[in-house]
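Number of protein chains: 2
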Amino acid sequence: MKEKWYNEAAANEPVAISTRIRLARNLKDAAFPRLLDSIQKREVAEKVLDGFKTAFAERVDEFDIIDMGKLKEEAAYSLVERRLVSQEFAAAGEGGFLILSKDHSVSIMLNEEDHVRIQVLASGLQLENAYTMANQIDDMLNARLEFAYDARLGYLTECPTNLGTGLRASVMLHLPAMLASGSVGRLAETVSRLGFTVRGAYGEGSEVRGGFFQISNQITLGISETNAIDNLSTVVKQIIATEEDERKRLIVQPEVQDRMWRSLGVLRTARLLSGDETVELASNLRLGMACGVFKGEKIDPSAPGKLIALTGPATLTVQSGRKLSAHERDTLRAQTVRSIMNDK
Amino acid sequence: MKEKWYNEAAANEPVAISTRIRLARNLKDAAFPRLLDSIQKREVAEKVLDGFKTAFAERVDEFDIIDMGKLKEEAAYSLVERRLVSQEFAAAGEGGFLILSKDHSVSIMLNEEDHVRIQVLASGLQLENAYTMANQIDDMLNARLEFAYDARLGYLTECPTNLGTGLRASVMLHLPAMLASGSVGRLAETVSRLGFTVRGAYGEGSEVRGGFFQISNQITLGISETNAIDNLSTVVKQIIATEEDERKRLIVQPEVQDRMWRSLGVLRTARLLSGDETVELASNLRLGMACGVFKGEKIDPSAPGKLIALTGPATLTVQSGRKLSAHERDTLRAQTVRSIMNDK
Numbered sequence: 001m002k003e004k005w006y007n008e009a010a011a012n013e014p015v016a017i018s019t020r021i022r023l024a025r026n027l028k029d030a031a032f033p034r035l036l037d038s039i040q041k042r043e044v045a046e047k048v049l050d051g052f053k054t055a056f057a058e059r060v061d062e063f064d065i066i067d068m069g070k071l072k073e074e075a076a077y078s079l080v081e082r083r084l085v086s087q088e089f090a091a092a093g094e095g096g097f098l099i100l101s102k103d104h105s106v107s108i109m110l111n112e113e114d115h116v117r118i119q120v121l122a123s124g125l126q127l128e129n130a131y132t133m134a135n136q137i138d139d140m141l142n143a144r145l146e147f148a149y150d151a152r153l154g155y156l157t158e159c160p161t162n163l164g165t166g167l168r169a170s171v172m173l174h175l176p177a178m179l180a181s182g183s184v185g186r187l188a189e190t191v192s193r194l195g196f197t198v199r200g201a202y203g204e205g206s207e208v209r210g211g212f213f214q215i216s217n218q219i220t221l222g223i224s225e226t227n228a229i230d231n232l233s234t235v236v237k238q239i240i241a242t243e244e245d246e247r248k249r250l251i252v253q254p255e256v257q258d259r260m261w262r263s264l265g266v267l268r269t270a271r272l273l274s275g276d277e278t279v280e281l282a283s284n285l286r287l288g289m290a291c292g293v294f295k296g297e298k299i300d301p302s303a304p305g306k307l308i309a310l311t312g313p314a315t316l317t318v319q320s321g322r323k324l325s326a327h328e329r330d331t332l333r334a335q336t337v338r339s340i341m342n343d344k
Numbered sequence: 001m002k003e004k005w006y007n008e009a010a011a012n013e014p015v016a017i018s019t020r021i022r023l024a025r026n027l028k029d030a031a032f033p034r035l036l037d038s039i040q041k042r043e044v045a046e047k048v049l050d051g052f053k054t055a056f057a058e059r060v061d062e063f064d065i066i067d068m069g070k071l072k073e074e075a076a077y078s079l080v081e082r083r084l085v086s087q088e089f090a091a092a093g094e095g096g097f098l099i100l101s102k103d104h105s106v107s108i109m110l111n112e113e114d115h116v117r118i119q120v121l122a123s124g125l126q127l128e129n130a131y132t133m134a135n136q137i138d139d140m141l142n143a144r145l146e147f148a149y150d151a152r153l154g155y156l157t158e159c160p161t162n163l164g165t166g167l168r169a170s171v172m173l174h175l176p177a178m179l180a181s182g183s184v185g186r187l188a189e190t191v192s193r194l195g196f197t198v199r200g201a202y203g204e205g206s207e208v209r210g211g212f213f214q215i216s217n218q219i220t221l222g223i224s225e226t227n228a229i230d231n232l233s234t235v236v237k238q239i240i241a242t243e244e245d246e247r248k249r250l251i252v253q254p255e256v257q258d259r260m261w262r263s264l265g266v267l268r269t270a271r272l273l274s275g276d277e278t279v280e281l282a283s284n285l286r287l288g289m290a291c292g293v294f295k296g297e298k299i300d301p302s303a304p305g306k307l308i309a310l311t312g313p314a315t316l317t318v319q320s321g322r323k324l325s326a327h328e329r330d331t332l333r334a335q336t337v338r339s340i341m342n343d344k
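As they're listed, the protein sequences go chains W and Y.
Numbering of the first sequence is given in the numbering used here, commencing with residue 1 and proceeding in unit increments.
Numbering of the second sequence is given in the numbering used here, commencing with residue 1 and proceeding in unit increments.
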C-alpha cells in the first residue's frame with residue numbers, strides 16, 4: 001500500500017506542517033448543488049466522474065471513488081478528522097462523491113458547496129508544488145468538462161467569497177512558542193489586514209490546543225492565483241521566522257524542557273488519553289523533536305503527525321469496527337498512541 | 001562496598017516496606033543527656049564507645065563511628081532523610097555520636113534523648129529478626145556497661161513513655177488502596193485503642209503523600225518485649241490483609257492503571273521533580289510493581305525504595321557537594337531518579 005503523504009517522515013518541517021490548495025469549480029450547464037435533489041446531484045457527479053475517468057485513464061488505479069451516500073457516518077467523519085473532506089461534505093450524504101488518491105494527497109469532492117472541489121495536500125510548506133498539481137488536475141478536467149467561467153469575474157462559485165480564482169491556499173503551522181508568548185493574538189490582527197485568516201486547528205478561541213494554526217488566503221477576486229500564492233508564501237515565511245526566533249527563548253526554559261520530556265514519557269505509557277490531551281502531547285513532542293530536545297531517544301520522525309491523524313474519535317471507531325463508549329475510545333486512543341510511539 | 005539494607009531488592013514485600021526496632025538505654029551513673037553539657041556528653045559517649053569497641057572487637061570494621069559535632073548540617077540531615085537518625089539528634093550536634101553499620105541496618109545514637117538508642121532496621125516485615133538482633137546488641141553492650149534498670153519499672157528512660165522495655169517497634173507500610181478508599185482514617189482510630197499509633201511517613205494530615213504509614217507500639221510499661229512485638233505483628237498482618245484486599249478492587253480501575261503507567265513514564269523522563277511529586281510517583285511505581293501492572297517493562301525491583309531514600313534535599317546536597325537552589329535540587333533529583341529508573 002502506498003504510504004499516505006502525512007506519514008512521509010522526511011518531509012516534516014519544524015514549523016510548517018502541511019499545505020493545502022483547493023480550487024472550486026462548477027459545471028456550466030447545471031445549477032449549484034444546493035439547488036439540486038439527490039438524483040440531479042448524482043447526474044452531475046456521473047458527468048464529472050466520466051470526465052475524470054477519461055482524463056485520468058492511465059492513472060485511474062491511483063484513486064478510489066467513494067459514494068458518500070453509501071459510507072457509514074463514522075467512516076465519513078474519519079475523512080473529516082484526517083482533513084480530507086469538509087464537515088459539510090461528510091454530513092451531506094446522498095449525491096456526494098469523493099475522488100481520493102490512494103496516498104491521500106489528492107481529494108476531489110463532488111457536490112460539496114460547488115460541483116467540483118479539487119484539493120491537493122502536501123507536507124510542509126509546498127504552496128507552488130501543490131498549486132501546480134491542482135492546476136494540472138484542473139486542466140485535465142477542464143479538457144473534458146465545461147466549467148462555469150465569466151471573462152470578467154473568473155470562475156463562478158456558489159459563494160461569492162470564492163468567485164474569481166476559486167482558490168483557497170492554506171498552510172498548517174505549528175506555533176507553540178508564539179502561542180506561549182501571546183504573539184499569536186497580534187498575528188491574527190496583522191494578517192487579516194493583509195487579506196489572510198488565521199484560526200486554531202484544534203479547539204476554539206482561548207482553548208486553542210497545541211498551537212496548531214491554519215493560515216489561508218481570503219481574496220479570490222481581482223488577483224491572480226500566482227499572486228495569491230506568492231503573498232501567502234511571503235507571510236508564512238515571516239511567521240515561521242518569528243516562531244523559530246521565539247522558540248530559541250522558549251526552549252531554554254527548564255520547565256519547558258521538562259514538559260517536552262514528560263510528554264514523551266506519557267505518550268509511551270498512558271493507558272487512557274483524551275483527544276485534547278493527545279493534541280497537546282503531540283504538540284510538545286513535535287516541538288521537542290524540532291528543537292533537538294530528545295537526545296538519545298529513538299522516535300519515529302512521523303510520530304507527531306500520526307498521533308493526530310490516527311486518533312480522532314471517528315477514525316478510532318472505524319479502526320475498532322464498532323461503536324465505542326468515551327472510555328473505550330480513550331483506551332483505544334492510548335493503545336494507538338503507544339503503538340505509534342514504539343514503532344521506532 | 002556492602003549494599004545498604006534498603007537496596008536489597010529481593011526483600012521487598014508488597015505492603016510492608018521496612019521494620020525498625022529501637023531500644024532506649026541509659027548509663028546507671030550519669031544524668032540524662034538533657035542535663036549534660038557537651039563535655040559531659042562526650043565523657044558518656046566515650047564510655048559507651050569503649051564498651052562498644054570491646055564488645056564488638058571482632059566486627060568493628062563493619063561500623064562507622066560518626067562525631068555528629070563534626071558533621072556538616074546537610075550530611076546530618078541526609079541521615080534523617082534515610083531514617084537512620086532522628087531529627088532532634090541531627091540538630092543536637094556537639095556531644096552526639098553515631099555508630100552506624102556499613103549496610104545501615106544498625107544505627108546506635110549516643111546522647112539523643114537517652115544515652116544509648118539502639119536501632120535495627122530491616123526491609124519488609126521482620127519484627128522478630130530485627131528484635132533478636134537489637135537484643136543481641138543490647139546484651140553485648142550490657143556485658144560491658146551498666147544500664148539504669150529498676151527491678152519494678154524496668155529500664156529507666158528520660159521520657160516516661162519509654163519506661164520499662166525502652167522498646168519502640170515500628171513497621172513502615174504502603175497503604176495506597178486504604179488511603180484511596182478512606183479506610184486509613186478508621187484504621188488510626190482502631191489501632192490507637194489497641195495501644196498503637198499510625199502516622200503518615202511523608203506529609204501531614206490530609207496531605208499524606210503516597211500512602212506511606214508508620215505503625216508503632218506505644219506501650220512500654222507492664223508488657224514484655226515479646227508480647228509487644230507479637231501484638232504489633234498481629235495488627236500489622238491484619239492491616240496488610242486489608243490493604244491487599246482493597247488493592248484488588250483499586251487496581252482493576254482503568255484510571256488507576258493509567259496513573260501507574262504515567263508515573264512510570266514521568267519517572268523515566270522528567271527533568272524537574274519536587275520531593276512531594278517524587279514520593280507520589282514512587283508510591284504509584286511500588287503499587288504497580290506489587291500488582292503486576294508493568295508487564296514487559298524492566299524495572300529495578302529496588303527502585304521504589306531508592307527513589308525515596310536517595311532524593312531527599314539534604315541527600316542531594318551532599319551528593320552535589322554544594323548548596324543548591326530549589327530549582328537546581330529539582331533538576332538533580334530528576335537526574336537521580338532517571339539514573340535509578342535506567343539502572344535495569
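Each residue gets a CB set at the ideal place from its N, CA and C atoms; glycine is no exception.
So the beta strand (DSSP E) residue i belongs to, where does it begin and stop?
i         : result
W:Leu-121 : 116-123
Is it right to say residue i is buried, meaning 16 or more other beta carbons lie within 10 angstroms of its own, or is it exposed?
i         : result
W:Leu-267 : buried
Y:Asn-26  : buried
Y:Asp-64  : exposed
W:Ala-10  : Below a pLDDT of 50, predicted positions are generally treated as unreliable, and W:Ala-10, at 43, falls in that range; the measurement from the model is reported next regardless. Per the 10 Å Cβ criterion, exposed.
Y:Asn-342 : exposed
Y:Met-1   : For Y:Met-1, the predicted structure reports a pLDDT of 49, less than 50, and the residue's modelled location is therefore unreliable. The matter cannot be settled from this model.
Y:Val-252 : exposed
Y:Leu-35  : exposed
Y:Asn-227 : exposed
Y:Cys-291 : buried
W:Gly-185 : exposed
W:Ile-340 : buried
W:Thr-234 : exposed
W:Arg-262 : buried
Y:Leu-285 : buried
Y:His-104 : buried
W:Ile-39  : exposed
Starting from residue i, follow the alpha helix (DSSP H) in both directions and report where the run begins and ends.
i         : result
W:Ala-241 : 225-251
W:Thr-315 : 313-320
W:Met-140 : 127-142
W:Thr-331 : 326-342
W:Gly-69  : First-last for W:Gly-69: undefined, no H or E at that position.
Y:Leu-287 : 275-290
W:Phe-52  : 38-55
W:Leu-264 : 254-269
W:Tyr-77  : 73-81
Y:Ile-308 : 303-309
Y:Phe-89  : 87-92
Can you pull the DSSP bridge partners for residue i?
i         : result
Y:His-174 : Y:Phe-212
W:Asp-29  : None; W:Asp-29 has no bridge partner.
W:Asn-217 : W:Phe-196
W:Phe-147 : W:Leu-27
Y:Thr-19  : Y:Ala-122, Y:Val-171
Y:Leu-100 : Y:Asp-64, Y:Ser-107
W:Tyr-202 : Paired residue(s): none; W:Tyr-202 is not in a bridge.
Residue i versus chain W: which residues are under 8 Å apart at the beta carbon?
i         : result
Y:Trp-359 : There is no way to answer for residue 359 of chain Y, as the model of chain Y reaches only from 1 to 344.
Y:Asp-258 : Ala-270, Arg-271, Leu-272, Ala-334
Going along chain W, which residues have a C-beta under 7 Å from residue i?
i         : result
Y:Leu-264 : Thr-269
Y:Glu-345 : Residue 345 of chain Y lies beyond the residue range present for chain Y, which begins at 1 and ends at 344; the question has no answer from this structure.
Could you name the residues of chain Y that residue i contacts, counting a contact when the two beta carbons are closer than 7 Å?
i         : result
W:Thr-331 : Pro-254
For residue i, return the contacting residues in chain Y, with the cut-off set at a CB-CB distance below 8 Å.
i         : result
W:His-327 : Pro-254
So that I know if they touch, is there some Cβ in chain B lying closer than 7 Å to that of residue i?
i         : result
Y:Glu-128 : The question asks about chain B, but that chain is absent: this structure's protein chains are W and Y.
>> Taking contact to mean 3 or more Cβ pairs, one atom from each stretch, closer than 8 Å, check whether the stretch 165-172 of chain Y and the stretch 207-226 of chain Y are in contact.
In response: yes
>> Could you check whether the stretch 70-87 of chain Y touches the stretch 309-316 of chain Y, counting it as contact only if at least three pairs of C-beta atoms, one from each stretch, sit closer than 8 Å?
In response: yes
>> Can you confirm whether the stretch 183-202 of chain W touches the stretch 38-53 of chain W when touching is taken to mean that 3 or more C-beta pairs between the two stretches lie within less than 8 Å?
In response: Not touching, per the Cβ criterion.
> So, do the stretch 238-253 of chain Y and the stretch 242-261 of chain W have three or more beta carbon pairs nearer to each other than 8 Å?
Replying inline: no
> Counting Cβ pairs, one atom from each stretch, are 3 or more of them under 8 Å apart for the stretch 297-308 of chain W and the stretch 323-335 of chain W?
Replying inline: no
> Is there contact here, the stretch 98-112 of chain Y with the stretch 329-339 of chain W, by at least three beta-carbon pairs under 8 Å?
Replying inline: Using a Cβ-Cβ distance cut-off of 8 Å, the stretch 98-112 of chain Y and the stretch 329-339 of chain W are not in contact, since fewer than three pairs of beta carbons, one from each stretch, lie closer than that value.
>> If contact is defined by three or more beta carbon pairs under 8 Å, each pair taking one atom from either stretch, is the stretch 49-61 of chain W in contact with the stretch 86-95 of chain W?
In response: no
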